[in-house]
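When we follow the numbering used here, the leftmost residue of the sequence shown carries the number 1323, and every step to the right adds one.
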Amino acid sequence: MPSNDDFHAGERALQRRWGTSTLWDAARRERLLWDHLPDWVQPRIAAAPFFFLATSDATGRCDCSFKGGGPGLVRILDARRFTFPDFDGNGAFMSLGNLQQNPQVGCLFIDFGDGARLRVNGRATLLEGEAADRLFPGQDRAVVVDVELVVPNCARHIPALRPAAAESWGAA
1323 MPSNDDFHAG
1333 ERALQRRWGT
1343 STLWDAARRE
1353 RLLWDHLPDW
1363 VQPRIAAAPF
1373 FFLATSDATG
1383 RCDCSFKGGG
1393 PGLVRILDAR
1403 RFTFPDFDGN
1413 GAFMSLGNLQ
1423 QNPQVGCLFI
1433 DFGDGARLRV
1443 NGRATLLEGE
1453 AADRLFPGQD
1463 RAVVVDVELV
1473 VPNCARHIPA
1483 LRPAAAESWG
1493 AA
């Protein structure tokens, strides 16, 4: 379970202001805030065809990127670490550039079929060359995320969608 201080001062202030602080007792925090990927979560992440990666630079400027590659894109290393390859999209290296300044990441996994949603926050490390190739043959770069906080979310506002045929927007 994460530490007793799961929320920062701003979050706690708004919980008090809007009357939700009692919702987050120790039992709820233990049930809904984890410091690892439980066994039953790992196959879902490994089967995810995509996820969203949030990063920020040293000044706090944020970037959120879609990371796709089909099922198997993410590989679970153990209950506290996972990895994914870096595919050179547009060559701007916004996510990786941010990681050079600030290793904190937020990953959002959504299954639009059943509405399951999982947030995983952690620290990322960039692997290059042989280290990346060992994990993902033929890839020059990979990212390893050390899990710090896992938050399962309800499916309440997730629309039910069905996969469609892939189409290209013509972007590099």
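For every residue, glycine included, the Cβ atom is placed at its ideal position computed from N, Cα and C.
Bear in mind that the values here come from a model prediction, so they are computed numbers and not experimental data.
- For G1428, the uninterrupted beta strand (DSSP E) segment begins and ends at 1426 to 1432.
- For G1419, the three-state secondary structure derived from DSSP is helix.
- Counted as a single uninterrupted DSSP element, the beta strand (DSSP E) harbouring L1448 occupies residues 1439 to 1450.
- By the criterion of a C-beta distance shorter than 6 Å, A1446 is surrounded in its chain by L1421, P1425, V1427, V1465, V1467, once the five residues flanking it on both sides are discounted.
- Of the candidates E1470, A1401, A1454, V1442, the residue whose Cα lies closest to the Cα of A1376 is V1442.
- In this structure, R1397 and L1457 form a Cβ contact; the two beta carbons are roughly 7 Å apart against a cut-off of 8 Å.
- Judged by beta-carbon spacing, L1359 lies within the 8 Å limit of A1401, meaning their Cβ atoms are closer than that value.
- The continuous beta strand (DSSP E) containing P1407 extends over residues 1403 to 1407.
- A Cβ-Cβ contact shorter than 8 Å links G1390 with P1371.
- Per DSSP, reduced to three states, the secondary structure at R1463 is strand.
- Nearest in C-alpha terms to A1369, of all of A1454, D1410, F1404, T1381, is F1404.
- Exposed is the label assigned to G1382, since fewer than 16 other Cβ atoms lie within 10 Å of its Cβ.
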